[in-house]
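Residue numbering for the sequence shown follows my numbering, starting at 1 and increasing by one per position.
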Amino acid sequence: MAQSEAARRSGLWARVAGRTRALLQDGIRVLGSPLGAGYYEGLEELLIAADLGVPLAVKLSAAVRAGRPQSESQAQSLLEAAVVTVMSARPRDLVLPNTLACILLCGVNGAGKTTTIGKLAHRLKRSGRRPMVIAADTYRAAAAEQVRVWAERAGVPCFAGAAGGDPGAVVFDGLAMAQSRGLDVALVDTAGRLQTHHNLVEELSKVGRVAGRAVAGAPHESLLVLDAMLGQSNLAQARGFSKALALTGLVMAKLDGSSKGGAALAIEQELGLPTKLVGVGEEIEDLAAFDPPAFARSIFGA
Ligand code: GDP
Ligand code: MG
């Protein structure tokens, strides 16, 4: 029997950031009563140890203190509420027109872009959209093949250019094909690049501009895919990529079992970009909309 959406979702969140959760839950238990001496300093240290970063740890600890909790459970509720309050207020749903929408994914090699494209194609198709995938990673011959395999799994068409071709031209032709077939979402997979490689970052800008010439308003979403396991080192990447593209959101891949799950909160805080999707495994179903209350509950426990 098919699992209900709610059960599936809670299952997904239970898998998130296992080690972060263990660290925080044990730590909070050890801290004991919020009326005890040194509670707030201890809480701050614990949040820093869980990769939330110093500014966020200080902010959250101060928010709990301001609520004057009298018991451990009150402190816990205040902490969960504070997380939700400090997170981005920008919309987390993908903002897609009903005509052809273009979603561009970028990030470093191995972050999880291609896997996310496959999962997202599946998710969009299931929600009644007609997606296609454009393989604009023309650097590695194997890259287009990997995209094709994911497109097949998701049951959506795939457009790939020749290896060594110009990624801008591939995107232009791919979008034209999507339009001629009456499809309504184009998911563009780009080659992995380091934010420090200026010519590649410039090329990514160009891919974005070319998409805009092919389809009005494109790309409608420019998502940076980050490997949650890399924790705070994702910040430098994100700053570099945001120079190339007007990023609209983040995808936090590999949040399952990550020891650095808390960094997801720090990164969003620092960048002011909403995390729209999280990857919680290697299978096609393992993609979830980011839900700050569920995330806070899953890492602080209740
Ligand atoms: P790309 O280079 O950015 O396109 O990265 P890929 O999509 O090829 O993914 C790199 C590796 O990370 C692959 O082995 C994926 O199976 C794995 N991966 C991607 N997303 C997730 C995730 O959410 N959870 C886990 N555990 N592994 C993932
Ligand atoms: Mg790839």
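From the three backbone atoms N, C-alpha and C, an ideal C-beta is built for every residue, glycine too.
Please read all numbers here as calculations on a predicted model, not as lab measurements.
Using DSSP's beta-bridge definition, name the partner residues of ARG223. The sequence given here has Leu at residue 223, not Arg. DSSP lists LEU105, GLY249 as partners of LEU223.
Measuring CB to CB, does ARG130 end up less than 8 Å from LEU43? no
Span separating the alpha-carbon of LEU304 from that of GLY67: With the chain represented from 1 up to 302, any question about residue 304 goes unanswered, as that position is not in the structure.
Go through its chain and collect everything with a Cβ distance to ALA144's Cβ below 6 Å, but skip five positions before and after it. For ALA144, where only same-chain residues beyond five positions count, the Cβ hits under 6 Å are ALA135, ALA160.
Is it true that the region 197-209 meets the region 239-250, where meeting means three or more beta-carbon pairs spaced less than 8 Å apart? Yes, since at least three Cβ pairs between the region 197-209 and the region 239-250 fall closer than 8 Å, the two stretches touch.
Ordered along the chain, which non-local residues of its own chain (more than five positions away) have a Cβ less than 8 Å from that of LEU255? VAL16, ALA17, ALA228, GLY261, ALA264, VAL278, GLY279, VAL280
Classification of GLN198 by the beta-carbon crowding that lies within 10 angstroms, buried from 16 upward: What sits at residue 198 in the sequence shown is His, not Gln. Exposed is the call here.
Nearest-angstrom Cβ-Cβ length linking PRO333 and GLU80, presumed shorter than 8 Å: Shown here, the chain extends from 1 to 302; a query on residue 333 therefore has no answer.
Checking contacts by CB at 8 Å: is LEU100 closer than that to chain B? Absent here is chain B; the protein component of the structure consists of one chain.
Around the Cβ of THR196, are there at least 16 other Cβ atoms within 10 angstroms (buried) or fewer (exposed)? exposed
Helix, strand or coil: which one does DSSP assign to VAL201? In the structure shown, VAL201 sits in a helix (DSSP, three-state: H, G or I).
Please look up how many angstroms separate the CB atoms of PRO219 and LEU56, rounded, as I've assumed it's under 8 Å. About 29 Å; that fails the 8 Å criterion.
Flag this pair as yes or no: are the beta carbons of PRO309 and ARG123 separated by less than 8 Å? With the chain represented from 1 up to 302, any question about residue 309 goes unanswered, as that position is not in the structure.
When the Cα atoms are used, what is the spatial distance from GLY192 to GLY38? 45 Å
Judging by CA-CA distance, which residue of LEU194, VAL215, THR114 is the nearest neighbour of ALA313? Look at the range of the chain in this structure, 1 to 302, and you will see that residue 313 is not part of it.
Quick one: residues in its chain with C-beta nearer than 6 Å to the C-beta of PRO157, no 5 flanking neighbours on either side, listed in chain order? MET132
DSSP bridge partner residues for MET87 (one or two, in chain order): Within the DSSP bridge table, the entry for MET87 names no partner.
Between which two residues does the beta strand (DSSP E) holding THR20 run? Here THR20 belongs to no beta strand (DSSP E); instead the alpha helix (DSSP H) covers 18-31.
Following the continuous alpha helix (DSSP H) through PHE241, name the residue where it begins and the one where it ends. Per DSSP, PHE241 belongs to the alpha helix (DSSP H) from 234-244.
At the level of alpha carbons, what is the spacing between ALA121 and SER180? 19 Å
Can you name, in chain order, every residue of its own chain whose Cβ lies under 6 Å from the Cβ of GLY301, other than the five neighbours on each side? GLN25
Compare the C-alpha of ASN234 against each of ALA111, GLY32, THR115 and name the closest. ALA111
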